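When you line the sequence shown up against UniProt numbering, it's residues 1 to 591, in that order.
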Amino acid sequence: MLGGHQLNTNAGFQNPRIGYLHGDLLYFEFEDLAEEEDTLELEDPSDIRLHSSNAALFDAHTKDFPDLRLPEPDIGPMALLLQPAFGSSFGALQTLDYDSSLLSYYEAVVCSSCTLLDDADHNPYRHLILPMAMQSEGIYHATLAVSAQILGIAEPKYRFAALDHANRALKCLITTLQRGNWSGAEIDEILGLALMLCWFEITDGCRPSWVTHLNGIHNLIIRYPQLFKRSTVALYRFFNRYFSFHVVLARTTFRVDDDLWFSNAASDEPTLAIATSVQDKIYDVSATNPSPQPENHGQYVPFSESTELLSRTMSLDDLDQIDSYMGFSNSLLLLINEIADLAWKYPSKAEVESDLSTVRSIVDRLRRSLSNLRQTPPPLCMIKGNPNDENQRHLYMQAAFEFETIAEANRTGALLLLHEVCSSRLQRPDIFESDAPSSSADNTKSECVRKILDIMLENINRIGRTAALPLWPLFLAGCCATSEEDRVIVMRIFQETEKPKRFGNITPAREVVEMIWRQRDLGVQDDRKRRQSAAARRFETAKTMDPTFQFREIPSTCQIQSFKNSPRRCGGMFEWERALSMMGDLKLSLT
């Protein structure tokens, strides 16, 4: 039994060569990190315990967010009383004396802030990962590492415990990988370890190794589909969802193909039929509201390979249902992936121009699908008590509103991303603007930015309490904000979301936005100075030669560079790509 589900532990799986985790490479990478940390002046380990007398920090974390959920689900006797049930080899292992408190913090605080709904159907971190941690030494240490890492955002002294447990978890992962001939339970353990270590690295300011662990999840999923078909559906869907969510949002910020093996895999006819049905459902809305397009309007443009692969495991029944962890629906996730695919599809502007009719068709289809998308909250299991109870009804309405608000911010973020792809990478902003429905309120970049900021500013206390907070659209709005007023609002929202000190990827996201603003301001100042100096020299020279000379402003350096680039290449990079590169090729996760 693992995670409460029976696994086939007798069937061995031959271990093909996996380009995911090379034990020595990852071990030495982590060892280097540990050596760096050893050079810091750490407090006495006795000072980093979570004793009951040191409950102030614990209480501060638990009261940061008002409890807007429906009544707490029954999580059984496991809550705060969990004890690991490992084999004799691990049962005798000496653990740190504050481990039980770290585990309690994970169960009581971390799990509660992972998803919008905290029940068996919507919170796999409590109901799948936590039981697995009680059966697996590696996942146990990874869970405590995540717990200590989150505490370490507010109190650096917890970094000692975080590194200690992460090191132990990594050693367990390496040992299992080197063993080969994995059983079903061992593959589940590897997946759970990869997921938790990915989370650990993201919480640690988005260390780039999170991409390596994410790649491991993907490789194992596509190499062992038969195991997942026999294993629990809940576990299978969770790992797929985690990978899909992280890889799609990563594709919107940096070139994932350089870091992730994201190749399509052979599949049987039923799964391909599912992918086709998903595509038909997502794009069916655009067919009901056609617009006159050039020569190939109505041309069937299939899903990209990556979108087709992601869609295989998605159910048609809940495609538009808002996911409690992502904060938006699978339909929107696939549309975002299609936008990201368009961003990286054409390496040169000449190729864009030669395929312009197809580009227009894709943009039109995406724009209309996003405009017509209606995302719905999941069934909120309307309270077991009296359905006429006003308090319960109020909680129900609050939860539904929270789902819809976060999903709408993400939908608007997708429209903003599509605008940026057309204007920055394809250098054809006219495609986005000409294809915009006249009735849409999101016709311009500034309108999208303002809508995202308004949604977040008005509802920050509601939508910022869990990991589903709309960090991705906030990041996009911040990168695209141009007015001082919008910048002030962006910083205010970032400050509010950073206050709980619960999520380690918010600060790096803010720093990227600030880098973009600085570079933009410096570029404007330098360009203005160059233009003024050149104009002054040109004016003085011309006036000396011809007293009737009329001053005419020369084009800016940016305009000249744009003209030079236009026949040869696409816009090259998003502004945030340049900023990420300047920050040491930061692999930002906006999940």
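Cβ coordinates follow ideal geometry from the N, Cα and C atoms, glycine included.
Fair warning: this is a prediction, and the values are worked out from it, not measured in the lab.
Shortest alpha-carbon distance to residue i belongs to which of the options?
| i | options | result |
| --- | --- | --- |
| S332 | A343, A185, R367, L103 | The question names Ser, yet the displayed sequence has Leu at residue 332. Ranking A343, A185, R367, L103 by Cα distance to L332 puts R367 first. |
| R465 | Y396, L249, G327 | G327 |
| E408 | S371, Q398, Y396 | S371 |
| R510 | R520, V524, G523, R492 | R492 |
| A579 | L590, M196, L373, R518 | R518 |
| K451 | N461, S100, M397, N410 | N410 |
| F239 | G152, N215, C198, L191 | L191 |
| K445 | N219, S424, S324, T376 | S424 |
| C480 | P500, A467, V421, A185 | V421 |
| G184 | S101, L220, A145 | L220 |
| A400 | T591, S324, L417 | S324 |
| G216 | L173, S348, N181 | L173 |
| P377 | E189, F403, M397 | F403 |
| I257 | A340, I322, L417, L418 | In the sequence under discussion, the amino acid at residue 257 is Asp, which differs from the Ile named in the question. Checked all of A340, I322, L417, L418; the closest Cα to D257 is A340. |
| A477 | H122, D454, Q427, E458 | D454 |
| E484 | L102, M456, V449, I222 | V449 |
| S354 | R428, L380, E390, S369 | R428 |
| D164 | S112, F475, G138, W182 | G138 |
| L102 | A133, Q392, D585 | A133 |
| G152 | R487, K501, L522, L417 | K501 |
Would DSSP call residue i helix, strand or coil?
| i | result |
| --- | --- |
| T497 | helix |
| S304 | coil |
| Q149 | helix |
| T115 | coil |
| T376 | strand |
| S589 | coil |
| Q321 | strand |
| S183 | coil |
| S315 | coil |
| S329 | strand |
| H122 | coil |
| M132 | helix |
| R502 | coil |
| G413 | helix |
| F58 | For F58, the predicted structure reports a pLDDT of 32, less than 50, and the residue's modelled location is therefore unreliable. A value from the coordinates is still provided. F58: helix per DSSP, three-state reduction. |
| D341 | helix |
| E155 | coil |
| M583 | coil |
| R207 | coil |
| F239 | helix |
| Y105 | helix |
| D164 | helix |
| F574 | coil |
| R365 | helix |
| A481 | coil |
Mind reading off the beta-carbon distance from residue i to residue j? Whole number of angstroms is fine, and I expect it under 8 Å.
| i | j | result |
| --- | --- | --- |
| I187 | Y224 | 6 Å |
| C206 | K587 | 6 Å |
| I431 | V490 | Going by Cβ atoms, the distance from I431 to V490 rounds to 27 Å, so no, they are not a contact pair. |
| M515 | M573 | Not quite, the Cβ-Cβ distance comes to about 13 Å (not below 8 Å), so this is no contact. |
| L471 | L590 | 5 Å |
| M130 | E155 | In the sequence under discussion, the amino acid at residue 130 is Leu, which differs from the Met named in the question. Wrong, their Cβ atoms sit about 23 Å apart, outside the cutoff. |
| T176 | E189 | 6 Å |
| I320 | R393 | For the record, residue 320 in the displayed sequence is Asp; it is not Ile. D320 to R393, Cβ: 24 Å. No contact. |
Under 8 Å Cβ to Cβ from residue i, same chain only, skipping five residues before and after it: list those, please.
| i | result |
| --- | --- |
| Q149 | Y158, R159, A162, A166, F200, T203, D204, G504 |
| L316 | I274, S277, V278, K281 |
| L469 | G327, I406, I463, T497, F503 |
| T507 | G205, E498 |
| V352 | Y346, V359, L426, Q427, R428, C570 |
Tell me which residues share the same chain as residue i and place their Cβ nearer than 6 Å to its Cβ, disregarding the 5 neighbours each side in the sequence.
| i | result |
| --- | --- |
| Y105 | S147 |
| A343 | V421, R425 |
| H213 | A194, L197, C198 |
| F494 | R510 |
| P208 | K587 |
To which residues of the same chain is residue i closer than 7 Å at the C-beta, ignoring the five residues directly before and after it?
| i | result |
| --- | --- |
| H127 | A120 |
| N337 | V248, R251, S306, T307, L310 |
| S244 | L310, L333 |
| W576 | T253, C479, V512, I516 |
| D99 | L144 |
| E496 | I460, G464 |
| S304 | E338, D341 |
| I322 | F328, S329, Q375, T376, P377, P378, F403, A407 |
| L522 | none |
Contiguous alpha helix (DSSP H) assignments of at least 4 residues, all confined to the region 417–469: 429–434, 445–463, all fully within the region 417–469.
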